[in-house]
Amino acid sequence: MQRIRLRYTKRGRLRFTSHRDFQRAFERALRRAEVPMAYSAGFTPHPKVSYANAAPTGTGSEAEYLEIALTAHRDPVRLRELLDESLPAGLDITDAVEARTPGLADRLTASVWELRLEGVEPEAAEKAVAAFLAAPSVEVQRKTKNGMRTFDARGAVAALEAACTQPDRPGDGPCAILRLVVRHVTPAVRPDDVLSGLRAVADLAPPVPAAVTRLAQGLFDEESGTVTDPLAPDREAVPAASPTAAGTASATAPEGPAA
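In structure tokens:
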């Protein structure tokens, strides 16, 4: 059985696609591309697809990951092309590698997010970010299936900064861009929770909903403060030719003409 790990995006209007909707679209793409999928056992077999830490509905993403199991070997590059052609624009397969190391989900320990705040002056965003980072904890509330839950949004934030930006078109109003690095903890801290925290500590309230995009997710490097590519270990683990195989090849190679 071959395992392939894929990176995909949710762009434009497709950011409003729920995870269940994406699952249906992806399974249709598998059938169209005639991928030799492995299936689960039981009365209702399902394709063996493992999804890892999907972004919330309504947020865009450049870095979603999943893993599929195949019953026959396929070239990851060609497989990526076939699947990408079978998915709607906006749900794009951007990378594919053969799984050669365990624990993809264990390498998704942090995410990098971009939050676009239309109608917010960059100076106001900078002050709110400074107040948030200076607070030892920032309690926020989120409604769950078990009712309202209160938790700290500050502890999971590894980095948060505000960047000035120029209007896209002449006459546009102010706009601030926040860049957020958040660790994956329990309970999960989402970009909306950080926005709630900014409102709580500095009364920062964008007049329109923020446009949120995940730029990356992977293993968080505490020393550098960066998020690394989770597929890099699989690329680096390409097996070299074994000495036994090399020796066999030499032994069976035809000899040259006698001198």
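In terms of the UniProt record's numbering, the sequence shown opens at residue 1 and continues consecutively. Note that beta-carbon positions come from the ideal geometry of N, C-alpha and C, so glycine has one too. In this text the structure is predicted, and so the values were computed from the model without any measurement.
Decide if S61 is buried, meaning its Cβ has at least 16 other Cβ atoms within 10 Å, or exposed.
-> For this step, residue 61 is matched to residue 61 along the sequence shown. A buried status is given to S61, since no fewer than 16 other beta-carbon atoms sit within 10 Å of its beta-carbon.
At least three beta-carbon pairs within less than 8 angstroms, the segment 64 to 77 to the segment 25 to 39 = Touching, yes, given that three or more Cβ pairs across the two stretches are closer than 8 angstroms.
According to DSSP, what are the bridge partners of V157?
-> In the sequence shown, residue 157 corresponds to position 157, counting from 1. Note: V157 sits in a beta bridge opposite V182.
Please state whether DSSP places F220 in a helix, a strand or coil.
-> On the sequence shown, residue 220 is found 220 positions in, with the first residue counted as 1. Looking at F220 - three-state DSSP - the assignment turns out to be strand.
Coil, strand or helix - V208 by DSSP | Start at 1 with the first residue of the sequence shown, and residue 208 comes out as number 208. Here V208 sits in coil by DSSP.
If you drop the 5 nearest sequence neighbours on each side, which residues of the same chain put their C-beta closer than 8 angstroms to that of Q201?
-> As a first step, residue 201 must be located in the sequence shown, where it is residue number 201. The sequence shown places Val at residue 201, rather than the Gln named in the question. Closer than 8 angstroms at Cβ, skipping near neighbours: A128, A131, F132, A135 and V138.
Return the first residue and the last residue of the beta strand (DSSP E) that D152 is part of.
-> On the sequence shown, position 152 is the one that residue 152 refers to. Looking at the DSSP string, the run of the beta strand (DSSP E) that includes D152 is G147 to D152.
Cα-Cα, which of H46, E85 and R5 is closest to A29?
-> Start at 1 with the first residue of the sequence shown, and residue 29 comes out as number 29. Considering only H46, E85 and R5, the residue with the shortest C-alpha distance to A29 is E85.
Should G225 go down as buried or exposed, given a rule of 16 or more other Cβ atoms within 10 Å for buried?
-> Taking the first residue of the sequence shown as position 1, residue 225 is located at position 225. Burial call: exposed.
Please go through the same chain and pick out, in chain order, the residues whose beta-carbon is closer than 7 angstroms to the beta-carbon of R183, but skip the five residues on each side of it.
-> Within the sequence shown, numbered from 1, the residue matching residue 183 stands at position 183. Excluding the 5 residues flanking it on each side, R183 has same chain C-beta neighbours closer than 7 angstroms at T109, A110, A156, A158 and F220, in chain order.
Closest by C-alpha distance to A176, when choosing among R31, R11, E121 and V189 = Locating residue 176 in the sequence shown gives position 176, counting from the first residue. When only C-alpha atoms are compared, the closest one is E121.
Which residues DSSP lists as bridging A110, in chain order = Looking up residue 110 in the sequence shown gives position 110. A110 is bridged to R183 and G218.
Are there 16 or more other CB atoms within 10 angstroms of the CB of L178, so buried, or fewer, so exposed?
-> For the purposes of this step, residue 178 is taken as residue 178 along the sequence shown, with counting starting at 1. It counts as buried.
For T213, count neighbouring Cβ atoms within 10 angstroms of its own Cβ and tell me buried if that reaches 16, exposed if not.
-> The residue you call residue 213 lines up with position 213 of the sequence shown. Within 10 angstroms of the beta-carbon of T213 lie 16 or more other beta-carbons, which makes it buried.
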